[in-house]
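S.K.: Pasting a structure below so you can have a look.
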Ligand SMILES: NC(=O)c1ccc[n+]([C@@H]2O[C@H](COP(=O)([O-])OP(=O)(O)OC[C@H]3O[C@@H](n4cnc5c(N)ncnc54)[C@H](OP(=O)(O)O)[C@@H]3O)[C@@H](O)[C@H]2O)c1
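Residue numbers (the working numbering): 7 to 257.
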């Protein structure tokens, strides 16, 4: 059992805190957002305290602040040499973290999504990946990345999730208009993708293309769909967005 603190108690800190509390860890959180911290106090027995008190009370500290707030909030805090730091903040570099959290020097940067609480969330890890694995595996697989550029590329891929949800919403809305069944359309569309991806073998290079080609054979509706999306430049749009997000994270 470790004493684990959160600086920034918002959307992403909440499921992480719940997951780690369920594993038996002792959780401390900063007060803001006060509604969320009060909920975590009631739900998982989290201690609610000022940022410095959270740092002082913990062995491991999660940094879950919006990037533009990080310097202002972390600069006045005093960390310890023996502390381990987990940052989930996009666009805050390893060098910046080392400066902001000195003399602490044991870091890992990762990109969780909220569904890690129920397991199955891949966690890209730059830095001390073993620290992350000790906290989140076996429920959530940790994938070590070689450098910050690779971590940022994983951040860009994570942004594909809302992008694809947006496309799925368009599809589900079209289905609802055709059938008049809004709930059925949303359920069918969601279950179709989650069921397909759950059944699919993962981790083998080329598997996505193989699954596509098994469906999109000559004369099929599936091939009509993949070709129409190519003609409509959907792939160029996706690659353009990934490149632009990657560049934004470089700066
Ligand atoms: N959301 C995700 O799914 C996700 C996924 C991966 C990574 N991330 C990263 O996680 C970080 C946080 O994102 P988020 O979505 O969780 O944002 P968020 O919900 O806005 O959480 C940020 C938290 O910081 C608090 N805060 C603001 N000023 C503070 C201060 N002076 N002292 C202490 N706490 C303060 C906010 O409180 P108030 O609400 O009172 O301002 C809020 O609780 C970002 O860097 C993001 O890149 C998020």
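Virtual Cβ for every residue (Gly too), placed ideally from N, Cα, C.
Between the segment 82 to 97 and the segment 36 to 45, do three or more beta carbon pairs fall short of 8 Å?
M.R.: No, the segment 82 to 97 does not touch the segment 36 to 45.
S.K.: Return yes when at least one heavy atom of ligand 1 lies under 8 Å from the C-beta of residue 38, else no.
M.R.: Yes - ligand 1 has a heavy atom lying nearer than 8 Å to the Cβ of residue 38.
S.K.: Cα-Cα, which of 38, 72, 252, 114 is closest to residue 166?
M.R.: The candidate whose alpha carbon is nearest that of residue 166 is 252.
S.K.: For the alpha helix (DSSP H) containing residue 254, name the first residue and the last one.
M.R.: Run containing residue 254: 240 to 256, per the alpha helix (DSSP H) assignment.
S.K.: When we look at the beta-carbon of residue 132 and count the other beta-carbons within 10 Å, is it buried (16 or more) or exposed?
M.R.: Result: buried.
S.K.: Which residue wins for smallest C-alpha separation from residue 47, given the options 56, 57, 58, 33?
M.R.: When only C-alpha atoms are compared, the closest one is 33.
S.K.: What number of angstroms, rounded off, separates the C-alpha of residue 218 from the C-alpha of residue 234?
M.R.: Using only the alpha carbons, I get a separation of about 14 Å.
S.K.: Considering only residues of the segment 14 to 63, which uninterrupted beta strand (DSSP E) runs meet the minimum length of 3 residues and lie entirely inside it, listed in chain order?
M.R.: Counting only runs of 3 or more, we get 32 to 36, 53 to 55.
S.K.: On the three-state DSSP scale, how would you describe residue 129?
M.R.: Three-state result, residue 129: strand.
S.K.: Can you pull the DSSP bridge partners for residue 150?
M.R.: 131, per the DSSP bridge assignment.
S.K.: Between the segment 73 to 85 and the segment 16 to 25, are three or more C-beta pairs nearer than 8 Å?
M.R.: Output reads no: the segment 16 to 25 does not touch the segment 73 to 85.
S.K.: Between residue 36 and the rest of its own chain, which residues show a CB-CB distance below 6 Å, the 5 nearest in sequence each way excluded?
M.R.: For residue 36, where only same-chain residues beyond five positions count, the Cβ hits under 6 Å are 13, 15, 57, 60.
S.K.: Could you tell me the boundaries of the alpha helix (DSSP H) in which residue 259 lies?
M.R.: In the structure as shown, the chain starts at 7 and stops at 257, and residue 259 therefore has no counterpart that could be examined.
S.K.: Write down the C-beta distance between residue 157 and residue 130 rounded to the nearest angstrom, noting that I regard them as a contact closer than 8 Å.
M.R.: That pair is a contact at about 6 Å.
S.K.: Run through the segment 164 to 252 for me and flag every whole alpha helix (DSSP H) of 4 or more residues, listed as ranges in chain order.
M.R.: The segment 164 to 252 contains these whole alpha helix (DSSP H) runs: 166 to 185, 188 to 205, 213 to 221, 227 to 237.
S.K.: Leaving out the 5 sequence neighbours to the left and right, which residues in its chain are closer than 6 Å to residue 93 when beta-carbon positions are compared?
M.R.: Result list for residue 93: 69, 103, 115, in chain order.
S.K.: What I want to know is whether the C-beta of residue 96 ends up closer than 8 Å to one or more non-hydrogen atoms of ligand 1.
M.R.: Flag set: Cβ of residue 96 near ligand 1.
S.K.: Do residue 86 and residue 55 count as a contact pair if the criterion is CB distance below 9 Å?
M.R.: No, the Cβ-Cβ distance between residue 55 and residue 86 is not below 9 Å.
S.K.: Measuring CB to CB, does residue 162 end up less than 9 Å from residue 178?
M.R.: In this structure, residue 178 does not lie closer than 9 Å to residue 162 by Cβ.
S.K.: If we ignore side chains and look at the alpha-carbon of each, how far apart do residue 136 and residue 90 end up?
M.R.: Each residue's alpha carbon lies about 12 Å from the other.
S.K.: Hey, residue 28 and residue 50: beta-carbon distance below 9 Å or not?
M.R.: Cβ distance < 9 Å, so residue 28 and residue 50 count as in contact.
S.K.: Going by C-alpha distance, which of 101, 107, 67 is nearest residue 83?
M.R.: The residue with the shortest Cα to Cα distance from residue 83 is 107.
S.K.: Smallest Cα separation from residue 204: which of 186, 160, 126?
M.R.: When each option's Cα is compared against that of residue 204, the closest is 126.
S.K.: Please report how far the alpha carbon of residue 211 lies from the alpha carbon of residue 53, in whole angstroms.
M.R.: Answer to the nearest angstrom: the Cα atoms are 44 Å apart.
S.K.: For a quick check, are the C-beta atoms of residue 120 and residue 18 less than 9 Å apart?
M.R.: Closer than 9 Å, so yes.
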